Each structure stands twice: as structure tokens, then as C-alpha cells.
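Take a look at the structure set out below.
There are 2 protein chains.
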Amino acid sequence: MNTIDTKLWTSENVAADLERAVHEHRLPPGTKLGEDELAEAYGISRTIVRAALQALSHRRLVEHKRNRGAFIAQPSVREAREVFEARSLLEPRTARSAATRMTEQDLDILKQNIADEHVALDAGENGRALLLSGQFHLEVARIADQATIEDMISELISRSSLVIALYWRRRAALCETQAHHALLDAFAEGNGDAAEDLMKSHLLDLVASLDLRSVSQPATSLREALGR
Amino acid sequence: MNTIDTKLWTSENVAADLERAVHEHRLPPGTKLGEDELAEAYGISRTIVRAALQALSHRRLVEHKRNRGAFIAQPSVREAREVFEARSLLEPRTARSAATRMTEQDLDILKQNIADEHVALDAGENGRALLLSGQFHLEVARIADQATIEDMISELISRSSLVIALYWRRRAALCETQAHHALLDAFAEGNGDAAEDLMKSHLLDLVASLDLRSVSQPATSLREALGR
DNA sequence: TGGCGCAATATTGTATACAATAATGCCGAC
DNA sequence: GTCGGCATTATTGTATACAATATTGCGCCA
């Protein structure tokens, strides 16, 4: 962190900062999040750090191991499937709803998002591209104007970042913006049916681009890889 | 609490204990949850209490007001609708899935739940009946074997308890067990289509039994009822 | 008498001290 | 030389002390 930090680091800020780092794949799954280390980095006490870690733990981005500390979560293959199963229940219908509520301003935001993602991809900033890709989905949820569902999708998108970090199979890089562009067209037409279908397909494509053969577990570290 | 408490009150235990109290309508929306008060009641320090309150806050069962303390949440009419909208996206499909995975043992559990709810209703234990009713839905989610979705439904059920506490309109008491019984039949037949439809109708009935005319806000306490 | 402001009080927010636990390294015994 | 146990160290878990803030009550003044 900066030595001169004018920002006030509340637990929410710290949690958001860490979550962003997860989104951008700067904090890979399994990373140890030492309390003292973070406290010093942000210039706050462990109390705030612990609150932030608890918040992330509730969002399943962080796993707590008793007396061992907090770690960036490593979703299992099982959990990876579940996250996308949940998204497939929520997001298509949400996209349909968004299509009927879409304003010109909303469309501009989504267009800008896609453009930004293109720029990031061209610049090789994959982390940023991934963040923007998630933000597209989140923006759709926001437009649907269902805060409760939006919160759920928000958490699922974050967890998806971890899943992608663990199970993304190389190749097929820019299919993302294609799918988002198709969705944008449906939104522009106010075509709810199309938006729902496109979102459903998009999510299926995402899962298909993952390597979820349970053999190649992450097994980053240690004893639990051996089951003891 | 008991003066002699052999139980170890971790923050999770405390949170679960409070959540149960919310379910059973022993803690009505708006109730102030003083940290010192809870700490003394459970015989622990404020540290644990705060962790528990944070957990409940993340589940939207508790609202934190800066420098004012924690209160049992009072979902707005808007939020009430959103909660049931979310449930209607998740639970019908989950019920379908549960129908195809249902075992004899699962059926027994659900039967027992309905029976227990009947007993509670006959005994006039409305809080317990409500708790059991929620558990029925949660059990269905468990049977569907999608832990991620189950967690979401669990939170939504808890929040529904608050909604019911605030907006339940008297009359129509025991329609609950009827709907659950119909679902049970569908489960017994392994009829996913019927289960999905029944769950959808059941949730619509639940919303219909609420008084969600935005005028009659709860406005339990004070200044924010007047917007300042 | 009513309103304003200050002081007292209570409660939450934060930091820190201490306890408990697990990991690590050392040393001795076989 | 290797294994087992003990001591050391590091890290998290919990309690508590202190600071910050909001509320409440009192008293002064118009």
C-alpha cells in the first residue's frame, strides 16, 4: 500500500479492495492472508482486518482455518459447478427483466464496458478484462432493479473469478465480448426472450470453457491434498 | 440464558441462536441488539457478539447503524417483494431437482416436518410452526443437493420470517401445511413438473397472504419514519 | 416558559494486550 | 542416523482498555 494513504480504510473498503484483487487475479486461490501482514499493509489494526476477512468469508471468497488463518478460497469442482448452476437460475431471468427496463443510459454503460474490455484485452491486461467482464453481468443485474438478486449475483460473479482462476482452460480468449455484444443487441431491442436465451447460452459456454474434470483438482498446498 | 451454560458460545452459535429467535418471532424486527447486553447474556465478550452480529448483518437479518448499534432488520415493502422474487427464481427449480433425487428417508423427514408443524399449530405455538415451515423449504433445498443454492435459499427463508413478522395479514393460518402436503405427494411420485409448479404456486400464495400495500410501512421507530 | 447549548452518560468503534494453539527447530535417545 | 519429544516461535482467538460518537438531561438565558 501507499505509505501516505489519505483514504480511510474501513473494513468494507479493505474487503472491497481485496475482492477487487481477487477479481483481477492478483490474489490467487490459496493465498495466505495474514492478519498482521494486512494490518501493516493498510496501516490499521487487526480488528479491522478481521472484520474484512469475516465479510469475505461470508461471501465464500475466503476460507478460515481455525488457528491457521485466512486463505483465498479454492472452490472445489463441485462448488464450481454449483456456482454456475446458481447463476443459470438467476441471470437469464434477470437479463430478461433488464431488457424490459433498459434505458439509453444503461445501454451506454454496457457499451462502454464492452469497449473497455476490448481495450484491456488488446493491452494484455487480462486481469482487468476479467474484472470488466464480471462487471458487465453485475451491471445487467443492477439494471433489472432487484437489489436482492443483484447481491446474490454479485457474490456468484466473485466466486466465478476464483473458479476461472483455478479451472480456466487456455484457448478461447475473446469469446466473452462476442457474447456480451449479442446480449447488448437484445437489450437494445428490448427483446427479453432473446436476452434470456443468450444469457443462458453464455453461461453454458462459460462452464464449457472450464476444465472441470475432477481429477485435476487444484490441491495447491499440502496435507489436505493427501487427505490428512 | 442459563446461568450454568455448558455450551461453548462461538460466534457461529450465537448467530444461530439469534437467527432461530428471529425465525420463531421472539425477536421482532427493530429490536435493539446491544452488545454489552448480549455479551452478558451469553457470558462472553463483546468481541464474539460483534462477530455474530456481523454475520447476521451479512445475511441481512441485522442492520447496523453507525455508532447506534445493531437492530433486527425491518425489510421494506420493496425488499419483501424482492425476497420472494428471488425465492421464486430459485425454489421451484430446486423443488423439481429435489423430486428426482428424493429418497424414502428424505420423504420421511418431510413427512415428520409436516406432522410436527401440525402439532405446533394445534398447540398454538405459532413461532415454532413458522420455524418448521421454513425448515420444510430448507430441507427441500438440501435434498436437491446444491449447497450453494441451499445457502441462498436459507438466507431468503430467514429474511422471509422478518417479512412475515411485518406484513403477515391475519386469517388464513393453516394453508401452509396443505401446500406442503401437496408438494410431498409430488415428491413421492418423483414428479418434478408437479413439484416445480406447486412450489411456484405456493410462493405466490405466500406473497398473496402478505399485506404489501406500501402505505402501511412498519415504521417501528422514530426518526427515520420521518426521514431524518 | 421555552429554546438553546453544554455537560454527563451510555454505547459503539478501534487498538492492543494477553491467552491459546499450531508450526518449527533442536536435542537427545535408541 | 533417524525418530520422537520438548522447547521455541509465530499466528490466531479472545478479552479488555481506551477513544469517538451519539443521546440524554440539566441549566442558563432570553
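Quick mapping for you: the protein sequence lines, in order, are chains A and B.
Its first residue numbered 1, the first sequence is counted upward by one per residue in our numbering.
Its first residue numbered 1001, the second sequence is counted upward by one per residue in our numbering.
Backbone N, C-alpha and C fix where the C-beta goes; we use that ideal spot for every residue, glycine too.
Note that the structure is a prediction, hence the values are computed from the model and not measured.
L86 (chain A) versus E1139 (chain B): straight-line alpha-carbon distance, rounded:
Residue identity differs from the one stated: residue 86 (chain A) is Ala in this sequence, not Leu. A86 (chain A) and E1139 (chain B): Cα-Cα distance of roughly 17 Å.
In three-state DSSP terms, what is L8 (chain A)?
coil
Using a Cβ-Cβ distance cut-off of 8 Å, determine whether A1039 (chain B) contacts chain A.
no
Identify each residue in the region 81-107 of chain A for which the Cβ-Cβ distance to at least one residue of chain B is less than 7 Å, and report them in chain order.
E82, V83, E85, A86, L89, L90 and R93
Hey, quick one: how far does the beta strand (DSSP E) through A1070 (chain B) stretch, first residue to last?
G1069 to I1072
Provide the residue span of the alpha helix (DSSP H) that contains H1202 (chain B), from first to last.
G1192 to A1208
If you drop the 5 nearest sequence neighbours on each side, which residues of the same chain put their C-beta closer than 7 Å to that of T1031 (chain B)?
F1071 and I1072
What residues of chain A sit near T1010 (chain B), judged by a beta carbon separation below 8 Å?
By Cβ distance, chain A contributes nothing, its closest Cβ being about 10 Å from T1010 (chain B), past 8 Å.
Can you check whether the C-beta of P218 (chain A) is within less than 8 Å of a C-beta belonging to chain B?
Residue confidence is low: P218 (chain A) scores 44 on pLDDT, short of 50, so the model does not pin down where it sits. No coordinate-derived value is stated.
Reducing DSSP to helix, strand and coil, say where E1155 (chain B) ends up.
helix
Entirely enclosed alpha helix (DSSP H) segments - the region 97-144 of chain A, minimum 4 residues:
104-122 and 126-144
Assigned secondary structure, E1063 (chain B) (DSSP; H/G/I helix, E/B strand, else coil)
strand
Should I157 (chain A) and G134 (chain A) be called a contact, given that it needs their Cβ atoms to be closer than 8 Å?
yes
Select from the region 145-157 of chain A all residues with a C-beta closer than 7 Å to any C-beta belonging to chain B, and list them in chain order.
Q146, A147, T148, I149 and M152
Round the Cβ separation of G1192 (chain B) and T1100 (chain B) to the nearest angstrom and send it over; I've been treating them as touching at under 8 Å.
5 Å
Does E196 (chain A) pass the burial test, meaning 16 or more other C-beta atoms within 10 Å, or should it be called exposed?
buried
On the CB-based measure, 16 or more other CB atoms within 10 Å of its CB, does A15 (chain A) come out buried or exposed?
buried
Buried or exposed: where does H1181 (chain B) fall if 16 or more other Cβ atoms within 10 Å of its Cβ makes it buried?
exposed
Assigned secondary structure, L1053 (chain B) (DSSP; H/G/I helix, E/B strand, else coil)
helix
Assigned exposure category for Q112 (chain A) - 16 Cβ within 10 Å defines buried:
exposed
Consider the Cβ of Q1054 (chain B): report whether some Cβ of chain A lies at a distance smaller than 8 Å.
yes
Does the Cβ-Cβ distance between P29 (chain A) and L206 (chain A) come in under 8 Å?
no
Measure the C-alpha to C-alpha separation of T47 (chain A) and Q54 (chain A) and round it to an integer number of angstroms.
11 Å
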